[in-house]
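**Q** Protein chains in written order, with the working numbering: chain V, -6 to 369; chain G, 1467 to 1696.
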């Protein structure tokens, strides 16, 4: 009878996503969770309908005065960034995985953050806990989560992230971000996913089975690289302007474009303490433009090394996702460049901020419970 | 006040509404099972039932517990029936919502001189959001609240006293809320698809082999024998 009950449980307590009262009084409710852990932003989609994101930034008050002022032991995301002068600030992920090295180059976003490995690990743990809490699980729910990480994350990085995630989830699996996106949109066969994040751009061709290493490429042409080039260009053209990497990133998120137009783009930066409007049109176009060629080249590589009979399928279904896909004009620019290599159709996911988390949630929800039971 | 009938923008708006209504294709949603936030992946459930039955039959060969396999089989079938009944309830609500949207389109068409002209761009966005909700691509909570109120404001309902539109939209809002409530009751949301269904939209539910492969990769990772890049 015990075995029979077990089988019945397997069938009837697949991860329910409402977290509400089920029809199995004996079964503890299960909440499926999808998490997309990005360098810049982390997003969660939960089976109860909660969808939230937070910038991947964690800050602890520098001293007792700061602790009293903030009235919180730890701050996250934009709130942490805006109060960073009184915080010890961490951006625990680098290129989408746990940062394990100390130090940062000047002119990079990393220089604004502390980077000791132990602090990064603590920050990642707090960030994940916070993210899971945003999913609003009920106290007694079992949490089954799928964590989407960059395609080329090392084994050590994945293990470290699994270890951190296991502290706040009952069961956790890790998959690559582009695979999670593909799963979420049902593009499991004949599609090429290009996930443009902050730290990396991950490309993955889908052919109806789990992608192998040679189906995936990771390149550094991504949001952070755009921010850094934008900062360099602005400093070169307006040497007296006081611009930080965070200001450059904000400017990019506000005004980035690859659409040709006559409108000039201006930004207000202090020049010797005086807020001054500066023309940054060329700088923005140049910085955003650095994404195009590496992405096109990588798409070309993945198509060229694919089975020749199926190459047209891939080129006809290139899907951009991630924050970078919000860049106006990027899809058409990539499509134009692909025309020189036999053409292609490039589209963007509708909700790039949540596409990875939604896909991870879908996977968590559809994974049979007996498989979850095998996860330690 | 311009005449909506004679206004090319209004004609364009009606076309958009009609198009949005047509896109609420219940048949397609049924076929694509699992692609919609509101529709259960029936194929997946059936596969699970079959799997459970197979296991039960296999167990019968080696185990002596009388009636165990039959109980599992009967229970699995009961479970499937229960899910299908709830599935039909959701589809009925969706059909009602679709009807209300079509009704709205007809009323818009019949709008005469003196009727308020909405902000067309805003209205188009709201209609698209509503259609996305009905197709199950948007969590109901985000589409059924503010957008509908914005839609009402955009149509001028409440200001110029066109209570017909007001009623239709409130009906739509109630239906959306009902769909949302049912959705939550039956299984919470399935993740919203973030793009238009592509060439893979007709694909069947993911095979168990895929889940197994993901599981194996993760088990290798925790055992320490995973290869880089997988």
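No residue lacks a Cβ here, since even glycine has one placed at the ideal position from N, Cα and C.
I'd like the list of long-range same chain contacts for residue 157 of chain V, defined as Cβ closer than 6 Å, with 5 residues on each side in sequence excluded.
**A** Excluding sequence neighbours, residue 157 of chain V sits near 117, 118, 121.
**Q** Going along chain G in order, which residues have a C-beta closer than 9 Å to the C-beta of residue 152 of chain V?
**A** Residues of chain G passing the Cβ test: 1687, 1688, 1690, 1692.
**Q** Indicate the three-state DSSP secondary structure (helix, strand or coil) for residue 287 of chain V in the structure shown.
**A** Helix at residue 287 of chain V.
**Q** Which of helix, strand or coil does DSSP assign to residue 292 of chain V?
**A** Three-state DSSP puts residue 292 of chain V in a helix.
**Q** Counting only Cβ pairs nearer than 9 Å, list the residues of chain G close to residue 370 of chain V.
**A** A query on residue 370 of chain V cannot be resolved here, the shown segment of chain V reaching from -6 to 369 and no further.
**Q** Please return the same chain residues whose Cβ sits closer than 7 Å to the Cβ of residue 58 of chain V, not counting the five positions on each side in sequence.
**A** No residues qualify anywhere along the chain.
**Q** Residue 39 of chain V lies in the beta strand (DSSP E); which residues open and close that run?
**A** Segment 34 to 39, the beta strand (DSSP E) holding residue 39 of chain V.
**Q** Please identify, using Cβ separations under 7 Å, the residues of the segment 159 to 185 of chain V that lie next to chain G, in order along the chain.
**A** Hits within the stretch, in order: 166, 167, 168, 177, 178, 179, 180, 181, 182, 183, 184.
**Q** Return no unless some Cβ of chain G is closer than 8 Å to the Cβ of residue 368 of chain V.
**A** Closer than 8 Å to some Cβ of chain G, the Cβ of residue 368 of chain V qualifies, so yes.
**Q** Kindly list, in the order they appear in chain G, the residues whose Cβ is closer than 8 Å to that of residue 373 of chain V.
**A** Here chain V covers residues -6 to 369 and nothing more, so residue 373 of chain V does not appear.
**Q** Does the separation of the CB atoms of residue 312 of chain V and residue 186 of chain V fall below 8 Å?
**A** Contact flag set, yes.
**Q** Residues of chain G with a CB under 7 Å from the CB of residue 299 of chain V: which are they?
**A** Under the 7 Å cutoff, chain G gives no residues; its nearest Cβ is about 16 Å from residue 299 of chain V.
**Q** When you compare the segment 291 to 301 of chain V with the segment 240 to 247 of chain V, are there three or more beta-carbon pairs, one atom per stretch, that lie closer than 8 Å?
**A** Taking 8 Å as the limit for Cβ pairs, the verdict is that the segment 240 to 247 of chain V does not touch the segment 291 to 301 of chain V.
**Q** To the nearest angstrom, how far is it from the Cα of residue 85 of chain V to the Cα of residue 115 of chain V?
**A** Cα-Cα distance, rounded: 8 Å.
**Q** Just curious, the alpha helix (DSSP H) that residue 372 of chain V is in, first and last residue?
**A** Shown here, chain V extends from -6 to 369; a query on residue 372 of chain V therefore has no answer.
**Q** For residue 138 of chain V, I'd like the list of residues in its chain whose CB is within less than 8 Å of its CB, leaving aside the five on either flank, ordered along the chain.
**A** Around residue 138 of chain V: 25, 26, 27, 28, 125, 158, 162, 164, 165, 166, 353, 357.
**Q** Please report whether the beta-carbon of residue 319 of chain V lies at a distance below 8 Å from any beta-carbon of chain G.
**A** Chain G, which has no Cβ nearer than 8 Å to the Cβ of residue 319 of chain V, makes this no.
**Q** DSSP beta-bridge partners for residue 340 of chain V?
**A** Its beta-bridge partners are V/312.
**Q** Cα-Cα, which of V/113, V/73, V/135 is closest to residue 41 of chain V?
**A** Of the listed residues, the one whose Cα sits closest to residue 41 of chain V is V/135.
**Q** In terms of residue numbering, what span does the alpha helix (DSSP H) encompassing residue 240 of chain V cover?
**A** That run of the alpha helix (DSSP H) goes 238 to 248.
**Q** Can you pull the chain G residues whose beta carbon is under 9 Å from the beta carbon of residue 155 of chain V, in chain order?
**A** Going along chain G in sequence order, the residues near residue 155 of chain V (Cβ under 9 Å) are 1684, 1687, 1688.
**Q** Taking 8 Å as the threshold, find out whether the segment 149 to 156 of chain V comes into contact with the segment 316 to 333 of chain V through three or more Cβ pairs.
**A** At 8 Å Cβ cutoff, the stretches do not touch.
**Q** Look up residue 162 of chain V in the DSSP assignment and say whether it is helix, strand or coil.
**A** Of the three classes helix, strand and coil, the one that applies to residue 162 of chain V here is coil, per DSSP.
**Q** Is residue 189 of chain V helix, strand or coil when you go by DSSP?
**A** In this structure, residue 189 of chain V counts as strand in the three-state DSSP scheme.
**Q** Name the chain G residues whose beta carbon is nearer than 8 Å to that of residue 213 of chain V?
**A** By Cβ distance, chain G contributes nothing, its closest Cβ being about 16 Å from residue 213 of chain V, past 8 Å.
**Q** So, with DSSP's three-state summary, where would you put residue 260 of chain V?
**A** Three-state result, residue 260 of chain V: strand.
**Q** Using only CA atoms, which one of V/142, V/35, V/270 lies nearest to residue 258 of chain V?
**A** Of the candidates V/142, V/35, V/270, the one whose C-alpha sits nearest the C-alpha of residue 258 of chain V is V/270.
**Q** I'd like the span of the beta strand (DSSP E) that includes residue 209 of chain V, first residue to last.
**A** Unbroken beta strand (DSSP E) run through residue 209 of chain V: 209 to 212.
**Q** Of all the options V/206, V/336, V/364, which has the alpha carbon lying nearest to the alpha carbon of residue 144 of chain V?
**A** Of V/206, V/336, V/364, the residue nearest in Cα terms is V/206.
**Q** Going by the CB atoms, is the gap between residue 317 of chain V and residue 284 of chain V shorter than 8 Å?
**A** Cβ atoms of residue 284 of chain V and residue 317 of chain V: closer than 8 Å.
**Q** In angstroms, rounded to a whole number, what distance separates the CA positions of residue 214 of chain V and residue 191 of chain V?
**A** Rounded to whole angstroms, residue 214 of chain V to residue 191 of chain V spans 9 Å at the Cα level.
**Q** Around the C-beta of residue 179 of chain V, are 16 or more other C-beta atoms found within 10 angstroms, so that it is buried, or is it exposed?
**A** It is buried - the Cβ of residue 179 of chain V has at least 16 other Cβ atoms within 10 Å.
**Q** Taking just the CA atoms, how far does residue 360 of chain V sit from residue 1679 of chain G?
**A** Roughly 11 Å separates the two Cα atoms.
**Q** DSSP three-state label for residue 364 of chain V, please.
**A** In the structure shown, residue 364 of chain V sits in a helix (DSSP, three-state: H, G or I).
**Q** Using the rule of at least 16 other Cβ atoms within 10 Å of the residue's Cβ for burial, across every protein chain shown, is residue 245 of chain V buried or exposed?
**A** Residue 245 of chain V is buried by the Cβ-count criterion.
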